[in-house]
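Student: Position one of the sequence shown corresponds to residue 10 (our numbering), numbered consecutively onward.
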Amino acid sequence: MCSSKCCGGTVSATACFIVNSKEYGFVSVPYQFTKNTTTTLWEARDLPGLSGTVVIIGNIIAGTTRIAINGLNTTQIIDKQTFAVSSNPLTSIVITYTTATDALTSLTASLSAARFEY
10 MCSSKCCGGT
20 VSATACFIVN
30 SKEYGFVSVP
40 YQFTKNTTTT
50 LWEARDLPGL
60 SGTVVIIGNI
70 IAGTTRIAIN
80 GLNTTQIIDK
90 QTFAVSSNPL
100 TSIVITYTTA
110 TDALTSLTAS
120 LSAARFEY
């Protein structure tokens, strides 16, 4: 409780927030690609208000591999690179892979997302 004097009187105020969270995600899921593809790794369908962190590790990157978070800011990932980003909101993770040959690309993805309800 907080108390202070104001204009010759006393004012008291108490604030209480109840926070509930719902968490979504996955840990260390492997993905492999050998052909040109655009693959949605995760999408927040009917889950508004999510924020979270995405971690993608490029184990073997043979072709051009790009990551788009929320459909924006496509980032290229290279061999043995770790890509990590936190986003608010977090609505989708999409991988686009292109290759001239049928070379294998392997990556591992993890996601932690939550929605807070006050």
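Each residue gets a CB set at the ideal place from its N, CA and C atoms; glycine is no exception.
All values reported here derive from a predicted model rather than from experimental measurement.
Leaving out five residues before and five after F42 in sequence, what residues of the same chain have Cβ atoms less than 7 Å from its Cβ?
Tutor: Y106, T114, listed in sequence order.
Student: Using the beta-carbon count (16 or more within 10 Å), is L59 buried or exposed?
Tutor: L59 comes out buried.
Student: Would you please state the rounded distance, in angstroms, between the beta carbons of D88 and I70? I believe it to be under 8 Å.
Tutor: That pair is a contact at about 4 Å.
Student: List the whole-angstrom C-beta distance separating S121 from G34, where the pair is believed to meet the contact cut-off of C-beta under 8 Å.
Tutor: Between G34 and S121 the Cβ distance is about 4 Å, and since that is below 8 Å, they are a contact.
Student: Quick one, which of T108, V94, L116 has its alpha-carbon nearest T62's?
Tutor: Measuring from the Cα of T62, the nearest candidate turns out to be V94.
Student: Excluding sequence positions up to five away, which residues of its chain have a Cβ less than 7 Å from the Cβ of T108?
Tutor: So the list reads N45, A71, G72, once near-sequence residues are dropped.
Student: Where in the segment 22-87 do unbroken runs of the beta strand (DSSP E), each at least 3 residues long, occur, reported from the N-terminal end onward?
Tutor: As far as the segment 22-87 is concerned, its whole beta strand (DSSP E) runs of at least 3 residues are 29-42, 46-52, 60-69, 73-78, 81-86.
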